[in-house]
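Asks: So that you can map any letter, position 14 of the sequence shown is 22 in this note's numbering, and since no number is skipped, the others follow by simple counting.
My questions all concern the structure below.
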Amino acid sequence: MLFSQINPFVRYARYLKLDRSSRYDEVIAPDARLFYAIGGYGKIKVGHMTYEMAPHALLLIHSGIPYHIETPLDFADYIAINFDHTRTAAHLNIPIKPESKVNFKESMRTDPRQFEDATPLSGVLYLREIDSIHKNLVRLLGEYTRQLLYHSEKCGHLLAECIADCLRCQQIGQAPNATESSHAVISYVQKHYAEEITNQIVAKAFGYHPNYISALIKRMTGMPLHRYVLHLRLMRAAGLLENTGMSVGEVALAAGFCDIAYFSAYFKKHFGTPPSKYRMG
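Written out as structure tokens, the structure reads:
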């Protein structure tokens, strides 16, 4: 499946508080597991890998993968969520107990589908630090606990946003200075998209190599620079057509298109209607 098809079903959400007396065996869960560290220090072993869980660390484990929550030296507090990536098995709406490796069968998995374009979700996704999802996870816990109308849908939407943030963080990189410089580059492109702009021009502005800029923008947006700039120009053009009385030619120039015929053809290809008729909608 594609990530665009994700529609999480939260089966169980809670605070998980461990201390030196806590004991867990290695198990396999029929549904996916999310562990987000909020206090103390713990470790979770998945297969042969051990992941350190200091505050703001996150671990996502797909269903059918063995894992072991280790006993902390002092304490470890988590937000823990059992979920499916889709609502196919939403009728199974009570917590499902994990099984030992001996007793687990593949047929027990509630949502075994694999991701084509978000492969970490098909296995294990670990982030040493991501604090941007903390508020949404707390909101999710509140929705799950109160069980008000439409809580399941709201929980799913909140979890989908958290997972998207995790994937974005994993793609962009976790170093704070790298993240800041990446956003600075994107902000520069968003400010200067109506001008002549190339990887070489952006690289010179930041003192980077053009190949680095090319790879960074592709990693941040999923598009090469020229396509990202075209997207920004088209969005600007659409806004001007809707909210001003400017002519098509004036809009094209204001959005960064030098060739009005090219602008009209590309606009029609993207929006399905020529710019001269767009404002009629």
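C-beta atoms are modelled at their ideal positions from N, C-alpha and C, and glycine is treated no differently.
Roughly how many angstroms separate the alpha carbons of residue 132 and residue 255, rounded to a whole number?
Replies: Rounded to whole angstroms, residue 132 to residue 255 spans 52 Å at the Cα level.
Asks: Would residue 44 and residue 75 be called neighbours here (beta carbons separated by less than 8 Å)?
Replies: no
Asks: Taking residue 37 as the reference, which of 188, 118 and 287 has the closest Cα?
Replies: 118
Asks: Going by the CB atoms, is the gap between residue 135 and residue 93 shorter than 8 Å?
Replies: In this structure, residue 93 keeps its C-beta atom at 8 Å or more from the C-beta atom of residue 135.
Asks: Just how far apart, CA to CA, sit residue 197 and residue 82?
Replies: 47 Å
Asks: Using C-beta distances below 8 Å, list every residue in its chain close to residue 120, excluding the 5 sequence neighbours before and after it, in chain order.
Replies: 71, 72 and 114
Asks: Closest by CA to residue 167, which one among 192, 88, 257 and 202?
Replies: Per the Cα distances, 88.
Asks: Using a 10 Å radius around the Cβ and a threshold of 16 neighbouring Cβ atoms, would you call residue 266 buried or exposed?
Replies: Residue 266 is classed as exposed because its beta carbon has fewer than 16 other beta carbons within 10 Å across all chains shown.
Asks: In whole angstroms, give me the CA-to-CA distance for residue 107 and residue 229.
Replies: So the alpha carbons of these two residues sit roughly 40 Å apart.
Asks: Keeping to the same chain, check which residues put their C-beta closer than 8 Å to that of residue 279; ignore five residues upstream and five downstream.
Replies: Cβ neighbours of residue 279 beyond the five flanking positions: 242, 246 and 286.
Asks: Buried or exposed: where does residue 270 fall if 16 or more other Cβ atoms within 10 Å of its Cβ makes it buried?
Replies: Of the residues assessed, residue 270 falls on the exposed side of the cut-off, its CB having fewer than 16 other CB atoms within 10 angstroms.
Asks: Does residue 96 come within less than 8 Å of chain B when only Cβ atoms are used?
Replies: Included in the structure is just one protein chain, with no chain B present.
Asks: With respect to the alpha helix (DSSP H) encompassing residue 85, which residues constitute its N-terminal and C-terminal limits?
Replies: Note, residue 85: premise wrong, no alpha helix (DSSP H); beta strand (DSSP E) at 83-92.
Asks: When you compare each of 206, 227 and 155 to residue 175 by their alpha carbons, which one comes out closest?
Replies: 227
Asks: With a threshold of 16 other CB atoms inside 10 Å of the CB of residue 171, please say whether the residue is buried or exposed.
Replies: buried
Asks: Is the beta carbon of residue 9 closer than 8 Å to that of residue 123?
Replies: Taking C-beta atoms as the reference points, residue 123 and residue 9 count as a pair closer than 8 Å.
Asks: Give me the residue from 173, 237 and 16 with the minimum Cα distance to residue 143.
Replies: 173
Asks: Under a Cβ-count criterion, where at least 16 other Cβ atoms within 10 Å of its own Cβ denotes burial, should residue 67 be classed as buried or exposed?
Replies: buried
Asks: Find the nearest neighbour of residue 49 within the set 195, 193, 77 and 157, judged by alpha-carbon distance.
Replies: 77
Asks: Scan the region 143-201 and note each continuous alpha helix (DSSP H) run of 4 residues or more that stays entirely inside, going in chain order.
Replies: 159-180 and 184-200
Asks: Following the continuous alpha helix (DSSP H) through residue 276, name the residue where it begins and the one where it ends.
Replies: Note, residue 276: alpha helix (DSSP H), 268-279.
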